[in-house]
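Shown next, in structure tokens, is the structure this report addresses.
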Amino acid sequence: MTFSLLAQGRKNRFASATPPAFARKYPNAWRMRAWAWVFPSSGLCSNPYDATLCRYHLHDSVVRKFLAIAARKAGVVNKRVKCHTFRHSFATAMLASGADIRTVQELLGHNDVSTTQIYTHVLGQHYAGSQSLLDRIN
8 MTFSLLAQGR
18 KNRFASATPP
28 AFARKYPNAW
38 RMRAWAWVFP
48 SSGLCSNPYD
58 ATLCRYHLHD
68 SVVRKFLAIA
78 ARKAGVVNKR
88 VKCHTFRHSF
98 ATAMLASGAD
108 IRTVQELLGH
118 NDVSTTQIYT
128 HVLGQHYAGS
138 QSLLDRIN
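Using the numbering used here, you'd call the opening residue of the sequence shown number 8 and step up by one each time.
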């Protein structure tokens, strides 16, 4: 559905909203897939910069509503599933697969590594699964 909306938008010249300076520098940016929304809204709205018709992204509440429905259908009823849950899952999976804690810190945008270290406690391991020399002895 995303690409059909993009094609329809190009046909009818409904662009993604672009800031005025960006639109002057790249007047055809709205035609490129790179500038299109990954999750576009189904309706059109007025561009706040120049009052032309444009298409924005889905509102945050739409994603949250669909996530709640998906969690119920998956049988997850005793746990809170929020969009932020995916961020935690991503960080934990990266560390469990052996990624460097500094890399995960950079990807998550944490200023301090101690914030990222919280995820190592979830794993029950120290620093992305590293072991002491004594642990390696069989």
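Quick reminder that beta carbons are idealized off the backbone N, C-alpha and C, glycines included.
Three-state secondary structure assigned by DSSP to Pro34:
Within the sequence shown, numbered from 1, the residue matching residue 34 stands at position 27. Of the three classes helix, strand and coil, the one that applies to Pro34 here is coil, per DSSP.
If you run the structure through DSSP and keep just helix, strand and coil, what is Pro27?
Taking the first residue of the sequence shown as 1, we reach residue 27 at position 20. Per DSSP, reduced to three states, the secondary structure at Pro27 is helical.
If you compare alpha carbons, which of Gly82, Ala75 and Ala24 is closest to Pro55?
Translated into the one-based positions of the sequence shown, residue 55 becomes position 48. Ranking the options by Cα distance to Pro55, first place goes to Ala24.
In terms of residue numbering, what span does the alpha helix (DSSP H) encompassing Ala114 cover?
For the purposes of this step, residue 114 is taken as residue 107 along the sequence shown, with counting starting at 1. The amino acid at residue 114 is misidentified as Ala; the sequence shows Leu. Segment Ile108 to Leu115, the alpha helix (DSSP H) holding Leu114.
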